[in-house]
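*Asks:*
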Amino acid sequence: MKITIKQKINVRLTIALLILIALLAIIIYTQPLISIIIIIIIMILILTSLIKIKKKPVTS
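Reading the sequence shown from the start, the letters are residues 72 to 131 in my numbering.
Laid out in structure tokens, this is it:
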């Protein structure tokens, strides 16, 4: 079984996301207002990273 680079990146991303979700859960219980702002920022970051992965950078 050969593990490709993409699979390694996916594993790292899922682990990072799980850690982020765990941290967010703690923040949500302690500080609801700050958590909302953090969730929005993370969503934007995830969306931009997904767009970057799908579309390879084109030099103009």
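Glycine included, each C-beta is placed from N, C-alpha and C at the ideal position. No experiment lies behind these values; they were computed from the predicted model shown.
Check T75 in the structure and name its three-state DSSP category.
*Replies:* In this structure, T75 counts as coil in the three-state DSSP scheme.
*Asks:* In whole angstroms, what separates the C-alpha of K123 from that of L116?
*Replies:* Each residue's Cα considered, the two are about 10 Å apart.
*Asks:* Please determine, among I92, N81, L121, the residue with the shortest C-alpha to C-alpha distance to I107.
*Replies:* Here the closest residue by C-alpha is I92.
*Asks:* Look at the alpha carbon of I76 and the alpha carbon of L84, and state the distance between them as a whole number of angstroms.
*Replies:* Roughly 12 Å between the two C-alpha positions.
*Asks:* Measure the C-alpha to C-alpha separation of L95 and L121 and round it to an integer number of angstroms.
*Replies:* Roughly 20 Å separates the two Cα atoms.
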